[in-house]
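Trainee: Under this note's numbering, think of the first position of the sequence shown as 27, with each following residue one higher. Using N, Cα and C, we set each Cβ at its ideal position, and we do this for glycine too. Take a look at this one; I'll ask things after.
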Amino acid sequence: MNKLFDKEIMEWLLWSPTTLSSGSSSSSSSDDEQEAEPKKKIAKLDQFVEKTVVTYTDYMFKQLIRLRRSTAYQLIGRFRASKYAPRSTNNMGTSAEKCVLICLWYMANTESFRQISDRFDVALSTAHIILVNVIHYLVSLRTEFIKWPNNEEKRLISQEFCKKTRF
């Protein structure tokens, strides 16, 4: 592979303002202008959890996160003590609270990873890693919260259903 191609691929992967076509011989002047533009830092919300989430009323919290605040913070406490949580606050400032809230926000809303990473002031890759870790934690709780009926319970449930529906 040639060095120009390698450079263009790396710039594309790193979300630089240059385009893959800018290195071709048929590039336009707008491509040249775009290439000369300095990289801009993407604006993100500063301390969304620390400054905004804490101001939500309990009603607003439940509307946005789809859990009562007490339930969410009980989950955060349990996550913090688990093997899935970051050990202390890592160098990117991602606390257990922020991790769980990122995951809950993602599951409760229709925002993309880019929007979530901007909202919570984390990199796209960090948002993805956080989501994977918290989901693994939630899956580890499945036997505690998902209970299947035994044969006798199934029979009783079936009888009650038939009685109620006259089936």
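Looking only at its own chain, which residues have a Cβ that is under 8 Å from the Cβ of Phe74, when we skip the five neighbours before and after it?
Mentor: So the list reads Arg145, Phe146, Asp147, once near-sequence residues are dropped.
Trainee: Would the segment 152-166 count as touching the segment 182-189 if we require 3 or more Cβ pairs under 8 Å?
Mentor: Flag = no, the segment 152-166 and the segment 182-189 do not touch.
Trainee: Which ranges would you report for the alpha helix (DSSP H) in the segment 109-146 if only whole runs of at least 4 residues count?
Mentor: List check, alpha helix (DSSP H) in window: 122-134, 139-146.
Trainee: If you reduce the DSSP assignment to three classes, tell me which class Thr81 lands in.
Mentor: Residue state, collapsed to three classes: helix.
Trainee: For Asn159, which of helix, strand or coil comes out of DSSP?
Mentor: Looking at Asn159 - three-state DSSP - the assignment turns out to be helix.
Trainee: Give the range of the alpha helix (DSSP H) segment to which Leu167 is assigned.
Mentor: Careful: Leu167 lies outside any alpha helix (DSSP H) and carries neither H nor E.
Trainee: Mind the definition here: the segment 102-112 touches the segment 131-144 only if three or more C-beta pairs lie below 8 Å; say whether that holds.
Mentor: Touching, no, given that fewer than three Cβ pairs across the two stretches are closer than 8 Å.
Trainee: Confirm, please, whether the CB-CB distance from Ile128 to Ala153 is below 8 Å.
Mentor: It is a contact, given that the beta carbons lie within the stated cut-off.
Trainee: I need the DSSP call for Lys190, collapsed to helix, strand or coil.
Mentor: If DSSP states are grouped into helix, strand and coil, Lys190 belongs with the helices.
Trainee: Taking the alpha helix (DSSP H) that Phe74 belongs to, which residues open and close that run?
Mentor: Segment: none, Phe74 is in no alpha helix (DSSP H) and carries neither H nor E.
Trainee: Compute every distance between the C-beta of Glu179 and the non-hydrogen atoms of the ligand SAM, then say whether any falls below 7 Å.
Mentor: Among the components of this structure there are no ligands whatsoever, and the ligand SAM is therefore not found.
Trainee: Could you tell me the alpha carbon to alpha carbon distance between Ser96 and Tyr82, rounded to whole angstroms?
Mentor: Spanning the two alpha carbons is a distance of roughly 13 Å.
Trainee: Comparing C-alpha positions only, which one of Glu170, Trp131, Ala111, Glu178 sits nearest to Arg94?
Mentor: Ranking the options by Cα distance to Arg94, first place goes to Trp131.
Trainee: Using only CA atoms, which one of Leu90, Glu170, Asn159 lies nearest to Val126?
Mentor: Taking only the C-alpha atoms, the option nearest Val126 is Asn159.
Trainee: Using the beta-carbon count (16 or more within 10 Å), is Phe171 buried or exposed?
Mentor: When all chains shown are included, Phe171 counts as exposed.
Trainee: Among the candidates Ile91, Arg92, Ser151, Met86, whose CA atom is the shortest distance from the CA of Thr120?
Mentor: Measuring from the Cα of Thr120, the nearest candidate turns out to be Ser151.
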